[in-house]
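Working notes, structure below.
In the numbering used here, the protein residues as written are 56 to 244.
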């Protein structure tokens with residue numbers, strides 16, 4: 056008998072093409088995602104930068120307005136303090152009744168009271184006079200109005216003061232106007 060060949064069915068061979076992996080994106084799509092993420096981040100930083108810049112501009116403008124206001128009205132409190140002195144001086148002027156001799160002493164007393172108030176107010180503001188007579192001439196403190204020769208004083212010693220000098224805290228705000236002794240004998244005015 057003739058032999059029958061048995062044919063065995065074998066499963067079909069798998070194709071050589073690899074199946075697509077859905078879980079893992081390709082390198083191009085990963086890079087595209089990274090670019091998109093960086094663009095979004097850049098946009099966020101740009102927005103934040105613009106907001107900060109606008110806030111800073113507003114802050115700067117507000118501070119400039121405040122500073123301008125402060126400088127404009129800087130001396131308000133000081134001026135208010137001196138208005139009391141003006142009031143006192145006006146009362147003294149009104150009290151002079153035709154220049155009668157009995158009123159002269161009252162006027163002098165009134166002026167002295169006003170001067171004391173004024174000096175007290177200046178001291179509160181840290182404005183104080185400094186002494187010059189008997190001191191050695193210092194161009195940082197004094198302005199020489201003239202020189203005189205005197206054997207009873209040292210060379211460059213201040214012999215007379217025309218106008219007092221004043222300091223505000225540690226700064227000279229008005230030089231004293233003085234007469235200075237000069238050993239050379241040159242007198243000038």
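Glycine is no exception: its CB is placed at the ideal position from the N, C-alpha and C atoms.
For a quick check, are the C-beta atoms of residue i and residue j less than 7 Å apart?
| i | j | result |
| --- | --- | --- |
| residue 11 | residue 192 | It is not possible to answer for residue 11, since the shown part of the chain is limited to 56 through 244. |
| residue 227 | residue 215 | no |
| residue 205 | residue 236 | yes |
| residue 182 | residue 221 | yes |
| residue 143 | residue 159 | no |
| residue 130 | residue 176 | no |
| residue 105 | residue 140 | no |
Given that a residue counts as buried once 16 or more other Cβ atoms are within 10 Å of its Cβ, and exposed if not, what is residue i?
| i | result |
| --- | --- |
| residue 218 | exposed |
| residue 197 | buried |
| residue 134 | exposed |
| residue 231 | buried |
So who's on the other strand from residue i, going by DSSP bridges?
| i | result |
| --- | --- |
| residue 229 | 221 |
| residue 216 | 233 |
| residue 201 | 234 |
Within the continuous alpha helix (DSSP H) that includes residue i, where are the two ends?
| i | result |
| --- | --- |
| residue 185 | Per DSSP, residue 185 belongs to no alpha helix (DSSP H); it is in the beta strand (DSSP E), 182 to 185. |
| residue 246 | In this structure the chain extends from 56 to 244, so residue 246 is not present and cannot be described. |
| residue 195 | Neither: residue 195 is in no alpha helix (DSSP H) and is coded neither H nor E. |
| residue 110 | 82 to 127 |
At a threshold of 6 Å, does residue i count as lining the ligand ATP (C-beta to nearest heavy atom)?
| i | result |
| --- | --- |
| residue 131 | With respect to small molecules bound, the structure shown includes none, and the ligand ATP cannot be examined in it. |
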